[in-house]
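Novice: Chains A and B are the protein sequences, given in the same order.
Heads up, the first sequence is in full-length UniProt numbering, so the first residue is 1 and it goes up one at a time.
Heads up, the second sequence is in full-length UniProt numbering, so the first residue is 1 and it goes up one at a time.
Protein chains: 2
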Amino acid sequence: MTTISTRPIETAAHDRLYRYLRQQIMVGELLPGQALTLRGLAKQHGVSMTPVREALRRLVAEGALTLTASGRVSTPELSNERIEELAALRALIEPELSARALPRAHFALIDRLSAINTANAEAVAKHDAVSYIRTNLDFHRTLYLRAQSPAILAVAETVWLQLGPTMRALYGRVQRNEPPRHHRMILAALRAGDEPALRLAVRADVTNGLRHLAQRGW
Amino acid sequence: MTTISTRPIETAAHDRLYRYLRQQIMVGELLPGQALTLRGLAKQHGVSMTPVREALRRLVAEGALTLTASGRVSTPELSNERIEELAALRALIEPELSARALPRAHFALIDRLSAINTANAEAVAKHDAVSYIRTNLDFHRTLYLRAQSPAILAVAETVWLQLGPTMRALYGRVQRNEPPRHHRMILAALRAGDEPALRLAVRADVTNGLRHLAQRGW
DNA sequence: CGCGTGTGAATGTGATCACAAATCCTGCCA
DNA sequence: TGGCAGGATTTGTGATCACATTCACACGCG
Numbered sequence: 001m002t003t004i005s006t007r008p009i010e011t012a013a014h015d016r017l018y019r020y021l022r023q024q025i026m027v028g029e030l031l032p033g034q035a036l037t038l039r040g041l042a043k044q045h046g047v048s049m050t051p052v053r054e055a056l057r058r059l060v061a062e063g064a065l066t067l068t069a070s071g072r073v074s075t076p077e078l079s080n081e082r083i084e085e086l087a088a089l090r091a092l093i094e095p096e097l098s099a100r101a102l103p104r105a106h107f108a109l110i111d112r113l114s115a116i117n118t119a120n121a122e123a124v125a126k127h128d129a130v131s132y133i134r135t136n137l138d139f140h141r142t143l144y145l146r147a148q149s150p151a152i153l154a155v156a157e158t159v160w161l162q163l164g165p166t167m168r169a170l171y172g173r174v175q176r177n178e179p180p181r182h183h184r185m186i187l188a189a190l191r192a193g194d195e196p197a198l199r200l201a202v203r204a205d206v207t208n209g210l211r212h213l214a215q216r217g218w
Numbered sequence: 001m002t003t004i005s006t007r008p009i010e011t012a013a014h015d016r017l018y019r020y021l022r023q024q025i026m027v028g029e030l031l032p033g034q035a036l037t038l039r040g041l042a043k044q045h046g047v048s049m050t051p052v053r054e055a056l057r058r059l060v061a062e063g064a065l066t067l068t069a070s071g072r073v074s075t076p077e078l079s080n081e082r083i084e085e086l087a088a089l090r091a092l093i094e095p096e097l098s099a100r101a102l103p104r105a106h107f108a109l110i111d112r113l114s115a116i117n118t119a120n121a122e123a124v125a126k127h128d129a130v131s132y133i134r135t136n137l138d139f140h141r142t143l144y145l146r147a148q149s150p151a152i153l154a155v156a157e158t159v160w161l162q163l164g165p166t167m168r169a170l171y172g173r174v175q176r177n178e179p180p181r182h183h184r185m186i187l188a189a190l191r192a193g194d195e196p197a198l199r200l201a202v203r204a205d206v207t208n209g210l211r212h213l214a215q216r217g218w
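(1) Do you know whose CA, among A/PRO51, A/GLU81, A/GLN44, A/GLY63, lies nearest A/GLY164's CA?
(2) According to DSSP, simplified to helix, strand and coil, what is A/THR207?
(3) Is it buried or exposed, B/GLY209, if we count other Cβ atoms within 10 angstroms and call 16 or more buried?
(4) Can you tell me whether A/ASN117 is buried or exposed? The criterion is at least 16 other CB atoms within 10 Å of its CB, across all chains shown.
(5) In chain B, which residues lie less than 7 Å from A/ARG53 when you measure between Cβ atoms?
(6) Tell me the rounded alpha-carbon separation between B/LEU143 and B/ALA125.
(7) State the DSSP-derived secondary structure class of B/ILE9, mapped to helix, strand or coil.
(8) Any C-beta of chain A within less than 7 Å: which residues of the region 58-85 of chain B qualify?
(9) Opposite A/THR66 in the DSSP bridges: which residues?
(10) Could you tell me which residues DSSP puts in a beta bridge with A/LEU36?
(11) Quick one: list the residues of chain B neighbouring A/GLU96, beta-carbon separation under 8 Å, in chain order.
(12) Closest Cβ-Cβ distance between B/SER48 and chain A: below 8 Å?
(13) Looking only at its chain, what residues have a beta carbon closer than 8 Å to the beta carbon of A/ARG203, apart from the 5 residues adjacent to it on each side?
(14) Can you tell me which of B/ALA105, B/LEU31, B/LEU36, B/TYR18 puts its alpha carbon nearest to the alpha carbon of B/GLY71?
(15) Mind listing the chain B neighbours of A/ILE152? Cutoff is C-beta to C-beta under 9 Å, in chain order.
(16) According to DSSP, simplified to helix, strand and coil, what is A/SER48?
(17) Find the residues of chain A that neighbour B/VAL155, judging by a C-beta separation of less than 7 Å, and give them in chain order.
(18) Could you round the C-beta distance between B/ALA61 and B/GLU195 to whole angstroms and report it? I think they count as a contact, below 8 Å.
(19) Using a beta-carbon distance cut-off of less than 7 Å, what residues from the region 135-152 of chain A approach chain B?
(20) Given a threshold of 16 other Cβ atoms within 10 Å of its Cβ, counted over all protein chains shown, does B/GLY40 qualify as buried or as exposed?
(21) Taking just the CA atoms, how far does A/TYR20 sit from B/HIS14?
(22) Assign A/HIS183 to one of two classes, buried (16 or more other C-beta atoms within 10 Å of its C-beta) or exposed (fewer than that).
(23) Count the C-beta pairs between the region 166-175 of chain A and the region 26-35 of chain A that are closer than 8 Å, then say yes if the count reaches three, no if not.
(24) Terminal residues of the continuous alpha helix (DSSP H) containing B/LEU102?
(25) Measuring CB to CB, does B/VAL52 end up less than 8 Å from B/LEU38?
(26) Under three-state DSSP, which class holds B/ARG90?
(27) State the start and end residues of the unbroken alpha helix (DSSP H) segment that holds B/LEU156.
(28) For A/TRP160, which residues in the same chain have their Cβ closer than 7 Å to its Cβ, ignoring the five residues on either side in sequence?
(29) Buried or exposed for A/ARG211, please, with buried defined as at least 16 other CB atoms from any protein chain shown within 10 angstroms of its CB.
(30) If you draw a straight line from the C-alpha of A/SER74 to the C-alpha of B/PRO180, how long is it?
Okay, here's the thing in structure tokens:
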């Protein structure tokens with residue numbers, strides 16, 4: 001008589017830590033070059049070094065963190081060339097995701113996207129960098145989820161992860177007074193069912209945000 | 001007897017294991033659905049479970065291995081939809097890499113590509129699946145390295161990794177009597193400096209190999 | 001005053017152990 | 001004969017420890 005211990009709810013410690021750090025990095029709560037130590041994170045989260053090591057190893061594998069020659073991990077400080085590459089990847093992948101989502105994008109989805117866009121505008125008004133990045137990514141993810149292409153979306157999210165700390169550092173340098181104007185173009189193309197216009201709007205939105213970045217000194 | 005106490009230059013055990021398994025998976029030495037255990041790999045490589053765990057966690061993060069609900073790891077058995085997605089990613093990314101490599105593709109590179117293609121033909125003649133996959137990937141990687149775009153290349157290699165076991169399983173099912181004919185088209189486009197033709201040839205080469213796969217039952 | 005240097009603290013790596021869940025296998029019962 | 005219940009084994013998870021290397025900071029020499 002084994003008691004049905006429905007235990008699969010609670011996830012492993014290394015997995016919780018992974019998710020926590022991943023979210024933190026993606027939305028820009030960590031600045032570039034920030035160092036993370038095994039014992040520090042372990043103490044901070046009340047676990048031993050073992051699950052911390054696994055979580056960090058996973059994040060390093062995804063490019064969310066970089067590894068120094070001596071094994072120290074820190075958030076990445078991206079070079080100009082690296083930023084250009086990641087922008088090119090976004091410009092390559094995200095129009096494809098949007099095109100795949102287009103046939104399945106109904107009114108309810110467009111409404112949700114509009115709502116996210118409103119939240120994004122509020123983040124701009126409050127000069128809240130983290131909220132801005134989060135709502136911006138939510139806008140894209142919500143659209144792309146309709147593409148029903150998890151493998152492609154996973155690649156896109158990996159790119160976002162790598163850009164997280166850098167986007168946060170960028171936020172303070174550009175003068176923002178409105179949400180991305182391309183988001184409105186994306187919504188218009190979705191309503192019109194116009195795939196070429198949608199691809200163009202997504203590509204413009206993705207490359208525009210990162211263009212300032214590469215122009216600066218860095 | 002000789003207690004070699006200090007070994008500073010050597011790479012870490014978990015890193016060696018990671019590289020070893022990654023190579024094995026990418027060239028198709030492991031079939032889909034193959035289970036890997038911590039203690040098994042540890043004993044097999046003369047290390048403890050700790051470095052094995054880190055290597056596996058890293059490979060899982062890259063999609064090279066899948067994780068069951070109970071934490072077991074095994075090589076992935078890809079669904080049809082997943083294969084289609086990965087093929088689409090290759091078709092999206094690799095033409096871009098080839099176009100970036102084109103301006104830097106000189107005679108020496110084309111010669112090396114031809115040599116790799118010859119080795120590929122030998123693998124076909126010997127019905128050696130692993131050699132076939134390895135030389136095929138070498139052909140692409142050698143070309144893409146010239147693109148000087150490590151981040152984009154890394155994404156491409158991640159896709160190859162995910163397809164490794166499946167490509168091996170596929171190899172036995174298709175009748176191969178010649179190396180990919182598109183490789184010759186790629187070489188011709190490189191010699192002619194024709195970027196549109198190069199993009200088309202790469203795209204055709206990439207999608208052609210995986211088209212059979214999706215058509216079969218799987 | 002500047003800079004290399006040495007010592008102590010901090011850090012990553014790997015091994016080992018305890019524990020619980022999952023899996024496998026055997027044998028029993030319908 | 002078929003399926004299922006039981007226990008033994010396997011397996012992943014997390015904690016703790018020892019050790020070598022790396023880093024940081026302050027001291028001392030030029």
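All C-beta atoms, glycine included, are put in the ideal place defined by N, C-alpha and C.
None of these values were measured; they are calculated from a predicted model.
Specialist: Reading off the structure:
(1) Against the first sequence, residue 164 of chain A aligns to sequence position 164. Out of A/PRO51, A/GLU81, A/GLN44, A/GLY63, A/GLY63 has the C-alpha closest to the C-alpha of A/GLY164.
(2) Position 207 of the first sequence, counted from the start, is the residue given in the question as residue 207 of chain A. A/THR207 falls in the helix class under three-state DSSP.
(3) Position 209 of the second sequence holds residue 209 of chain B. It is buried - the Cβ of B/GLY209 has at least 16 other Cβ atoms within 10 Å.
(4) Sequence index remark: in the first sequence, residue 117 of chain A carries index 117 (1-based). By the 10 Å Cβ count, A/ASN117 comes out buried.
(5) The sequence position of residue 53 of chain A within the first sequence is 53, counting from 1. Those are GLU54, listed as they occur along chain B.
(6) Within the second sequence, the letter at position 143 stands for residue 143 of chain B. Within the second sequence, the letter at position 125 stands for residue 125 of chain B. In a straight line, the C-alpha of B/LEU143 is about 24 Å away from that of B/ALA125.
(7) The count along the second sequence starts at 1 and reaches residue 9 of chain B at position 9. Below a pLDDT of 50, predicted positions are generally treated as unreliable, and B/ILE9, at 49, falls in that range; no measurement from the model is reported.
(8) ARG58, ALA61, GLU62, ALA69, ARG82, GLU85
(9) Indexing the first sequence from 1 puts residue 66 of chain A at position 66. Paired residue(s): A/SER74.
(10) Sequence index remark: in the first sequence, residue 36 of chain A carries index 36 (1-based). Paired residue(s): A/VAL73.
(11) Within the first sequence, residue 96 of chain A is the residue found at index 96, counting from 1. Here the neighbours are ALA88, LEU92.
(12) The residue given as residue 48 of chain B occupies position 48 in the second sequence. Not one chain A Cβ lies under 8 Å of B/SER48.
(13) Within the first sequence, numbered from 1, the residue matching residue 203 of chain A stands at position 203. The residues are ALA91, GLU94, PRO95.
(14) For the purposes of this step, residue 71 of chain B is identified with residue 71 of the second sequence, where counting begins at 1. Of B/ALA105, B/LEU31, B/LEU36, B/TYR18, the residue nearest in Cα terms is B/LEU36.
(15) As a first step, residue 152 of chain A must be located in the first sequence, where it is residue number 152. By Cβ distance, chain B contributes GLU85, LEU86, ALA88, LEU89, LEU92.
(16) By 1-based counting over the first sequence, the position of residue 48 of chain A is 48. If DSSP states are grouped into helix, strand and coil, A/SER48 belongs with coil.
(17) On the second sequence, position 155 is the one that residue 155 of chain B refers to. Within chain A, the residues near B/VAL155 are LEU89, VAL155.
(18) Taking the first residue of the second sequence as 1, we reach residue 61 of chain B at position 61. Taking the first residue of the second sequence as 1, we reach residue 195 of chain B at position 195. Contact flag wrong, Cβ pair sits at about 34 Å.
(19) SER149, ALA151, ILE152
(20) Start at 1 with the first residue of the second sequence, and residue 40 of chain B comes out as number 40. So B/GLY40 counts as exposed.
(21) Here residue 14 of chain B refers to the residue found at position 14 when the second sequence is read from its first residue. Here residue 20 of chain A refers to the residue found at position 20 when the first sequence is read from its first residue. Looking at the two C-alpha atoms, the distance is approximately 24 Å.
(22) Within the first sequence, the letter at position 183 stands for residue 183 of chain A. It is buried - the Cβ of A/HIS183 has at least 16 other Cβ atoms within 10 Å.
(23) yes
(24) For the purposes of this step, residue 102 of chain B is taken as the residue at position 102 of the second sequence. Where B/LEU102 is concerned, there is no enclosing alpha helix (DSSP H), given that its DSSP letter is neither H nor E.
(25) Walking along the second sequence from the start, residue 52 of chain B turns up at place 52. Walking along the second sequence from the start, residue 38 of chain B turns up at place 38. A contact, by the Cβ cut-off of 8 Å.
(26) Mapped onto the second sequence, residue 90 of chain B falls at position 90. DSSP places B/ARG90 in helix when its eight states are reduced to three.
(27) Translated into positions along the second sequence, residue 156 of chain B becomes position 156. At residue 156 of chain B the sequence reads Ala, which differs from the Leu that was named. It spans 150-171 - the alpha helix (DSSP H) in which B/ALA156 sits, taken as one unbroken run.
(28) Within the first sequence, numbered from 1, the residue matching residue 160 of chain A stands at position 160. MET26, LEU137, listed in sequence order.
(29) Along the first sequence, one-based indexing puts residue 211 of chain A at 211. Exposed: under 16 other Cβ atoms inside 10 Å.
(30) Reading the first sequence from its first residue, position 74 is the one you call residue 74 of chain A. Reading the second sequence from its first residue, position 180 is the one you call residue 180 of chain B. In a straight line, the C-alpha of A/SER74 is about 43 Å away from that of B/PRO180.
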